[in-house]
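Reviewing the structure listed below.
Encoded structure:
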């Protein structure tokens, strides 16, 4: 996990860790990369300071380049594979299942976020276009082996020295850069494991939200989800815990969400249960 500033309070971080441990088949080891002390952090959790390079104020903006610190040598233990997860994630099951997706220690697995798919097709397109076009992922959850991925941070450092304005397109955001530099080893995280809230529960046409929620295979898949990530700037815990039944939410891409069991099914209650510990908005 990565945290800079004071946006995420200790109770929220601890709750996330507790839910991960609750669903894990064995005791997980938590590492939080942070820029300030975290008194009262979850028992046994390890904190690691951000490398000075990644404390650049520009890296803490929308591109979230500071997250690339997790690939820096010496930051994470290297004896086991790791799962990075955003703090804006609702954990409902065993996320360690993501580790079983690794084909080798070099595998980097993420949620797909573009038309070009991870795998042979994406790698071929990347090769034919000389890495101008490539499969891209969302970094809300990343499965990787710390010992094999130092090249991600090293390459970013090298390119930033040449392009401090992020003029090189893959440097626009952390997830785009990871996808580009690790393209050869990229693999997708399936929607049976984790979904992005906007992609799963929002759509421009309201009627489709009701139809989708009615489909038996969608209901079955949603019931088995291990995690839902609240990527983006609109849908956040403080919003979800205050929404009224049937309330309509529209994002900047004109995607709509109706906060109702008719559109979210049992996921609505599971989300509310996850954030029930919040006595006041985060």
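Residue numbers (the numbering used here): 202 to 483.
For glycine and all other residues, C-beta sits at the position ideal for the given N, C-alpha and C.
Where does residue 308 fall in DSSP's three states? Here residue 308 sits in coil by DSSP.
Keeping to the same chain, check which residues put their C-beta closer than 6 Å to that of residue 482; ignore five residues upstream and five downstream. Because residue 482 carries a pLDDT of 47, less than 50, the predicted location of this residue cannot be relied on, and the following value inherits that uncertainty. Excluding residues up to 5 positions away in sequence, 439 lie with their Cβ nearer than 6 Å to the Cβ of residue 482 in the same chain.
Distance, residue 230 Cα to residue 393 Cα: Spanning the two alpha carbons is a distance of roughly 24 Å.
C-alpha gap between residue 466 and residue 414, whole angstroms: About 6 Å.
Supposed close pair residue 297, residue 284 - CB separation, criterion 8 Å: Yes, residue 297 and residue 284 are in contact; Cβ-Cβ is about 7 Å, under 8 Å.
Would you mind sorting residue 451 into buried or exposed? The rule is 16 or more other CB atoms within 10 Å of its CB. Note on residue 451: under 16 other CB atoms within 10 angstroms of its CB, so exposed under the neighbour-count rule.
Looking only at C-alpha atoms, which of 447, 403, 347 sits nearest to residue 277? Minimum Cα-Cα distance from residue 277 among the listed residues 447, 403, 347 corresponds to 347.
Straight-line CA distance for residue 460 to residue 472? Whole-angstrom Cα-Cα distance: 11 Å.
Evaluate residue 401 with the Cβ neighbour count: other Cβ atoms within 10 Å of its Cβ, from every protein chain shown; 16 or more gives buried, anything less gives exposed. So residue 401 counts as buried.
Is DSSP giving residue 460 helix, strand or coil here? Assigned with DSSP and collapsed to three states, residue 460 falls in strand.
Extent of the continuous beta strand (DSSP E) to which residue 340 belongs: First-last of the beta strand (DSSP E) with residue 340: 338-345.
Residue 233, DSSP secondary structure in three states: Looking at residue 233 - three-state DSSP - the assignment turns out to be strand.
Determine the contact status of residue 343 and residue 311, defining contact as a CB-CB distance below 7 Å. Result yes, Cβ atoms of residue 343 and residue 311 sit closer than 7 Å.
Does the separation of the CB atoms of residue 175 and residue 428 fall below 7 Å? Residue coverage of the chain in this structure runs from 202 to 483, which leaves residue 175 outside it and unanswerable.
Does residue 416 pass the burial test, meaning 16 or more other C-beta atoms within 10 Å, or should it be called exposed? Taking a 10 Å sphere around the C-beta of residue 416, we find fewer than 16 other C-beta atoms and assign the residue as exposed.
If we ignore side chains and look at the alpha-carbon of each, how far apart do residue 458 and residue 380 end up? A straight-line Cα-Cα distance of about 29 Å links residue 458 and residue 380.
Which term fits residue 309, buried or exposed, when burial requires 16 or more other beta carbons within 10 angstroms of its beta carbon? Classification of residue 309: buried, given that the 10 Å Cβ count is 16 or more.
From 327, 396, 410, residue whose alpha carbon lies closest to that of residue 152: Absent from the model: residue 152. The displayed extent of the chain is 202 to 483, so no value can be given.
Starting from residue 179, follow the beta strand (DSSP E) in both directions and report where the run begins and ends. No statement about residue 179 is possible, as the shown extent of the chain runs from 202 to 483 and does not include it.
Buried or exposed for residue 268, going by 16 or more other Cβ atoms inside 10 Å? By the neighbour-count definition (other C-beta atoms within 10 Å, threshold 16), residue 268 is a buried residue.
From which residue to which residue does the alpha helix (DSSP H) around residue 440 run? Where residue 440 is concerned, the enclosing alpha helix (DSSP H) starts and stops at 438-441.
Neighbourhood of residue 233 by C-beta, 8 Å cutoff - its chain only, sequence neighbours within 5 removed: Here the set comprises 202, 203, 204, 214, 239, 242, 246, 247, 248, 249.
Along the beta strand (DSSP E) that carries residue 247, what are the first and last residues, could you check? Taken as a continuous stretch (DSSP letters only), the beta strand (DSSP E) holding residue 247 covers 247-250.
If you draw a straight line from the alpha carbon of residue 210 to that of residue 382, how long is it in whole angstroms? Approximately 33 Å between the Cα atoms of the pair.
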